[in-house]
Every structure is written in structure tokens, then in C-alpha cells.
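Undergrad:
Protein chains in written order, with the working numbering: chain A, 8 to 116; chain B, 153 to 266.
1) Do residue 80 of chain A and residue 93 of chain A come within 7 Å of each other at the CB atom, strictly closer than that value?
2) For residue 12 of chain A, which option in A:31, A:59, A:115 has the closest C-alpha, if you only look at C-alpha atoms?
3) Classify residue 168 of chain B: buried if its beta carbon has 16 or more other beta carbons within 10 angstroms, exposed otherwise.
4) Looking at the ligand ATP, does it come within less than 6 Å of residue 115 of chain A, judged from the CB to the closest heavy atom?
5) Take residue 249 of chain B and list the residues in its own chain whose beta-carbon comes closer than 8 Å to its own, dropping the five residues that flank it on each side.
6) According to DSSP, residue 56 of chain A sits in a beta bridge with which residue or residues?
7) Could you tell me whether any Cβ in chain A is nearer than 7 Å to the Cβ of residue 195 of chain B?
8) Looking at chain A, is there any beta carbon in it that lies within less than 7 Å of the beta carbon of residue 254 of chain B?
9) Give every residue of the same chain whose Cβ lies closer than 8 Å to the Cβ of residue 180 of chain B, excluding the five residues on either side of it in the sequence, and list them in chain order.
10) Could you say which of A:56, A:46, A:88 lies nearest to residue 29 of chain A if we only look at CA atoms?
11) List the residues of chain B whose Cβ lies closer than 9 Å to the Cβ of residue 55 of chain A, in chain order.
12) Mind checking residue 164 of chain B: buried by the 16 CB within 10 Å criterion, or exposed?
13) Closest Cβ-Cβ distance between residue 50 of chain A and chain B: below 7 Å?
Given below as C-alpha cells:
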């Protein structure tokens, strides 16, 4: 199968930096998405990586290594409002988009 | 620009019944996808429609079906409901196919099967 693995839960302190990892099977890989989902709300798009490297977007950055089947989402200067679930999703050349079960991040003051 | 809308927002049904959920995508978006979200399984892909054609289907039984109309609005139907179908059903729209494009999610329909 095409499993997406990410940690179930993480905790961090306001103002800190946190890295959320995602690993996936590389065969047929097209691209990787990160979405944020606050409790009781719909997911919202954060980033899309196709090529190797780091893409920065404000306090959030996403990294991809295609050969290693590895990505991470880096959140800097954490704020309380960043408490949410972060979903990693991988698209494959079968046109399937597979979501991980998500990482629930709790930010404490 | 209005976002993705889903109706109804909440639904309670009993086992064996059928249900139809509706999704209106963002204007100009031709791709509509449906997902089932449960606490244990996360977000699971049901199907994607593009220009009225089903482009892809997830690993769900045939009781789950859908369609897309010429105005890109989509409906999802679940027949012979089972207790395990209780979930949040999310619809998402995108300009192009979901493999390459950002998706915009609706608020979801919370289905409870008793």
C-alpha cells in the first residue's frame, strides 16, 4: 500500500520551533501537500512540494526529499493559534491522493 | 468569492437508510472531491469528479456513489447505511485535478447512523 506516516501528537511551547515529519513510499510519487485543520473546522492548504528542498512561506516552511520519501513542516515562532492538526498528503501517478492520519500539535503558553 | 458549501451540515439516519449529501464548489472550480473523516482513520479519499466525469475512486464499497452536474455541483450518495458510516464527510474543490492543485474544503456534513 501507499502508507503515509506522521507522528500522532506533538507538544511545543509558544515562541518555539517545531518540526513535523512525514514519510511516504516513493514509488510513483508526484507531489506532497501539507494542510492545517483546526478542531471542528475544515482543512486549509499550507504548502505543496514537488521538487527537493525547502520552501518558506512566512513562519511556515516545508521540506521535501524525494529520494528519501521524507518531508517535514517547520513552524517557527509558535503561537497559540497554531494548535491544530497538520495533515500530510501525497499524490501518486495513479492520480490518487493519500492523506496521513495527521499530527495533532498542542502549543502551550 | 464564496467558499465551498455543503448541505446539510448535520444528518441523523438509521441503519439501512440511504442518504444524499450535496456540495457546491467555488465558482470556476471544475474538480470536486469527497472525503470521509473519522478519528481513527483520518481523512480517506472517496472519489474525485472533474467536468462531470469520475476521475478516481478510493477503496470504498459500491454503496458509496457520487455524481457531478454540468454546473460542477456534486452529490454523494450512501445506500444501506451502516453504523460505521458515521463520520464527517468533506467535500473539496480545486481548479484542476487534485494531484497537483490546492484544494478548498467545505465545512463538512456530520452524518450519524443509529
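Glycine is no exception: its CB is placed at the ideal position from the N, C-alpha and C atoms.
TA: In this structure, then:
1) yes
2) A:31
3) exposed
4) Of the ligands one can find in the structure shown there are none, so the ligand ATP has no counterpart to examine.
5) 183, 200, 202, 207
6) A:39
7) yes
8) yes
9) 247
10) A:56
11) 252, 253, 254
12) exposed
13) yes
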